[in-house]
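Residue numbers (this note's numbering), protein chains in the order written: chain A, 1 to 336; chain B, 337 to 661.
Glycine included, C-beta positions come from ideal geometry on N, C-alpha and C.
Shown next, in structure tokens, is the structure this report addresses.
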């Protein structure tokens with residue numbers, strides 16, 4: 001019994017530590033003593049500036065990062081389960097390319113400085129992501145079945161199409177490419193609690209719903225026929241899980257830009273550690289995604305301080321070798 | 337069932353976003369004239385200006401801690417004598433040399449360190465055309481006063497930008513002498529160029545990572561000063577017919593156009609006349625054969641600040657050295 005909870009306890013400690021690290025480290029140095037005083041609420045008057053930076057900039061940034069990582073980790077695990085494919089990630093059927101197209105298209109227009117004008121980029125990214133996912137879904141469906149091969153192929157084709165359109169828009173635009181490129185690599189200029197308040201309901205509902213599918217996803221691993229015989233409505237499960245995971249990812253991507261690799265590697269790391277039981281893999285991937293993205297984000301902010309790198313660069317640059325190292329270590333076990 | 341859920345979820349999301357997004361007052365249309373209140377009551381005059389995003393920016397006195405987020409605004413601030421009022425700059429602001437001594441708040445990878453900005457305790461942040469509006473909104477939500485200077489689209493527009501920032505930083509008057517001297521220098525170039533009838537063709541190189549498809553300045557437009565400046569300096573940009581303001585031109589087109597002069601705006605990235613001459617296929621160009629390839633300081637013609645006039649003079653000297661003997 002105790003063994004069952006040990007991984008959760010460990011990852012929870014890791015999450016707390018990485019949040020602390022993320023809050024403690026930034027381009028402005030805040031002495032640990034001041035940090036402690038702000039956290040514990042002592043003598044706020046002397047250290048108002050540190051307190052302001054912590055509560056108005058760093059903490060919301062850390063929370064947004066953790067939420068994004070959680071969404072990507074959880075969706076990644078769900079995608080890998082649905083596709084029974086180790087290469088699946090939350091962007092497999094077009095969330096990232098659709099969001100990228102939406103965002104870059106919105107950036108090409110100079111919006112008025114109003115509430116809706118400022119919401120244009122995340123909103124367009126969100127709608128772009130949903131639109132591509134629905135297109136892929138509609139194209140892949142054959143009658144009442146939803147073959148995964150069709151989904152993957154339609155996803156790859158639609159993604160390539162959307163990416164080509166995005167590149168075309170970027171090359172055509174005469175303005176700054178920095179903004180678009182930074183966005184496509186997971187950079188975001190948004191600070192404060194606003195984005196989190198919008199994101200939270202999507203993620204809470206989406207990730208909460210995904211957790212209910214642990215057992216169904218386990219059954220799905222036996223193959224469609226067996227799962228059907230065991231009483232699972234395969235097509236419905238697949239459709240629901242995909243749409244929930246895509247919606248969750250789309251919401252996260254809309255605010256954080258496209259952050260690659262997290263949704264691919266985190267579920268694998270968890271799987272190598274704990275095995276393939278999705279009732280455990282899903283929650284652990286959600287928490288693990290938050291931990292890994294928080295650490296990557298700290299790196300993105302410190303390696304070239306005060307310049308901040310888009311976090312997507314770090315997740316791929318540091319994530320790929322780390323992942324390969326783990327893969328080599330566990331090669332013999334054939335975990336998949 | 338999920339099909340019915342989706343519009344509901346979207347609607348909830350939109351509602352929530354309407355409730356929780358950083359509240360922003362819709363700007364009311366006003367004149368761009370500064371409104372100075374009656375001075376008999378206030379010892380320090382408040383200043384209200386409308387910025388490039390139609391936001392109304394109010395200052396309660398001369399700003400003493402300014403952060404500039406673009407190289408052009410930094411150069412303008414130094415030129416109008418706001419030197420002692422600047423406390424921070426973005427990573428690209430490298431001119432004048434004194435600017436490099438100021439704390440750097442980031443920007444080189446598209447992201448600014450908002451905590452570094454806050455830590456400098458600015459009483460005014462000046463953003464420019466290259467900064468995304470989300471950054472302005474974000475800084476505003478952190479309680480900072482932000483002025484967004486729309487990118488000037490011509491030399492005359494640049495004069496207006498000088499006046500705007502002079503007003504904003506309570507340095508009114510400084511801009512008048514500066515603009516007069518800049519106008520005189522532009523007029524001197526115009527006068528010299530008016531005497532010539534032969535306009536040499538120019539290829540202005542921005543990037544030639546792929547020497548068969550280099551990047552050049554295209555049609556004149558709001559972000560492209562290079563083409564209009566070349567024309568004003570008495571030249572013809574061979575890229576001026578291209579569809580985009582910044583565009584690639586094939587080596588084939590370049591050979592057909594056979595420019596009289598090659599100007600290397602990418603010389604800061606290490607391009608040299610020797611390297612250009614060594615490129616495969618480039619030796620047929622007459623500019624290469626006659627050695628008319630010149631390194632050029634690109635920031636003189638790409639930053640919409642007072643150094644555009646330096647850029648104009650430098651281009652005119654390159655194109656018509658005989659006029660400046």
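{"Item": "Could you please give me the residues that DSSP links to residue 404 (chain B) through a beta bridge?", "Value": "B:425 and B:462"}
{"Item": "Would you say residue 495 (chain B) lies against chain A (beta-carbon separation less than 8 Å)?", "Value": "no"}
{"Item": "Between which two residues does the beta strand (DSSP E) harbouring residue 599 (chain B) extend?", "Value": "597-600"}
{"Item": "Give a yes or no on whether the C-beta atoms belonging to residue 267 (chain A) and residue 76 (chain A) are separated by under 8 Å.", "Value": "yes"}
{"Item": "So within the segment 448-522 of chain B, which uninterrupted beta strand (DSSP E) runs reach at least 3 residues, ignoring any that extend past its ends?", "Value": "460-464 and 482-485"}
{"Item": "Distance, Cα to Cα, residue 298 (chain A) vs residue 279 (chain A)?", "Value": "30 Å"}
{"Item": "Does the pairing of the segment 396-407 of chain B with the segment 417-425 of chain B give three or more beta-carbon distances under 8 Å?", "Value": "yes"}
{"Item": "Verify whether the separation of the beta carbon atoms of residue 555 (chain B) and residue 411 (chain B) is less than 8 Å.", "Value": "no"}
{"Item": "Just the C-alpha distance for residue 214 (chain A) and residue 95 (chain A), rounded to the nearest angstrom, thanks.", "Value": "22 Å"}
{"Item": "Do you know how far the Cα of residue 565 (chain B) is from the Cα of residue 150 (chain A)?", "Value": "55 Å"}
{"Item": "Could you tell me how far apart the beta carbons of residue 300 (chain A) and residue 311 (chain A) are, in whole angstroms, since I believe they sit closer than 8 Å?", "Value": "4 Å"}
{"Item": "Please list the terminal residues of the continuous alpha helix (DSSP H) segment that includes residue 63 (chain A).", "Value": "59-83"}
{"Item": "Terminal residues of the continuous alpha helix (DSSP H) containing residue 395 (chain B)?", "Value": "Where residue 395 (chain B) is concerned, there is no enclosing alpha helix (DSSP H), although the beta strand (DSSP E) it sits in stretches over 392-395."}
{"Item": "Find out if the Cβ-Cβ distance for the pair residue 483 (chain B), residue 462 (chain B) is shorter than 8 Å.", "Value": "yes"}
{"Item": "Does DSSP put residue 544 (chain B) in a helix, in a strand, or in coil?", "Value": "coil"}
{"Item": "What do you reckon, are the CB atoms on residue 453 (chain B) and residue 403 (chain B) nearer than 8 Å?", "Value": "yes"}
{"Item": "Which complete alpha helix (DSSP H) runs does the segment 24-54 of chain A hold, if anything under 4 residues is left out?", "Value": "32-40 and 48-52"}
{"Item": "Using a Cβ-Cβ cutoff of less than 7 Å, which residues in the same chain neighbour residue 585 (chain B) once the five nearest sequence positions on both sides are dropped?", "Value": "550, 552, 575 and 578"}
{"Item": "Starting from the beta carbon of residue 454 (chain B), find every residue of chain A whose beta carbon is closer than 9 Å, and list them in chain order.", "Value": "28, 49, 52, 53, 56 and 57"}
{"Item": "Counting only beta-carbon atoms, is residue 411 (chain B) nearer than 8 Å to chain A?", "Value": "no"}
{"Item": "Is residue 328 (chain A) buried or exposed, if buried means 16 or more other CB atoms sit within 10 Å of its CB?", "Value": "exposed"}
{"Item": "Taking 7 Å as the cut-off, is the beta-carbon of residue 316 (chain A) closer than that to any non-hydrogen atom of the ligand GTP?", "Value": "Absent from the structure shown: the ligand GTP. Ligands present: none."}
{"Item": "Can you give me, in chain order, the residues of the segment 426-456 of chain B that have a beta carbon less than 7 Å from any beta carbon in chain A?", "Value": "427, 440, 441, 442, 444, 445, 446, 447, 449, 450, 451, 452, 454 and 455"}
{"Item": "Just how far apart, CA to CA, sit residue 160 (chain A) and residue 154 (chain A)?", "Value": "10 Å"}
{"Item": "Nearest to residue 384 (chain A) by CA position, among A:67, A:295, A:264 and A:183, is which residue?", "Value": "Missing from the structure shown is residue 384 (chain A); chain A here goes from 1 to 336 and no further."}
{"Item": "Pick from A:104, A:308, A:134 and A:138: whose alpha carbon is nearest that of residue 123 (chain A)?", "Value": "A:104"}
{"Item": "Give the interface partners of residue 473 (chain B) over in chain A, defined as CB-CB distance under 7 Å, in chain order.", "Value": "118"}
{"Item": "Compare the C-beta of residue 33 (chain A) with all C-beta atoms of chain B and state if any pair is closer than 8 Å.", "Value": "no"}
{"Item": "Within a Cβ cutoff of 7 Å, which residues of the same chain sit near residue 464 (chain B), ignoring the five residues on either side of it in sequence?", "Value": "405, 406, 408, 409, 485 and 487"}
{"Item": "Starting from the C-beta of residue 238 (chain A), find all residues in its chain whose C-beta is less than 6 Å away, skip the five residues before and the five after it, and write them out in chain order.", "Value": "82 and 146"}
{"Item": "Check each residue of the segment 172-200 of chain A: if its Cβ is closer than 7 Å to any Cβ of chain B, include it; give the result in chain order.", "Value": "172, 174, 175, 176, 178, 179, 181, 182, 187, 189, 190, 191, 192, 194, 197 and 198"}
{"Item": "Would you kindly report the start and end of the unbroken beta strand (DSSP E) that includes residue 325 (chain A)?", "Value": "Per DSSP, residue 325 (chain A) belongs to no beta strand (DSSP E); it is in the alpha helix (DSSP H), 311-329."}
{"Item": "Mind listing the chain A neighbours of residue 390 (chain B)? Cutoff is C-beta to C-beta under 8 Å, in chain order.", "Value": "112 and 113"}
{"Item": "Quick check: the Cα distance between residue 293 (chain A) and residue 275 (chain A), rounded to an integer number of angstroms?", "Value": "22 Å"}
{"Item": "So, helix, strand or coil for residue 572 (chain B), using DSSP?", "Value": "strand"}
{"Item": "Which of the three DSSP states is assigned to residue 613 (chain B) in this structure?", "Value": "helix"}
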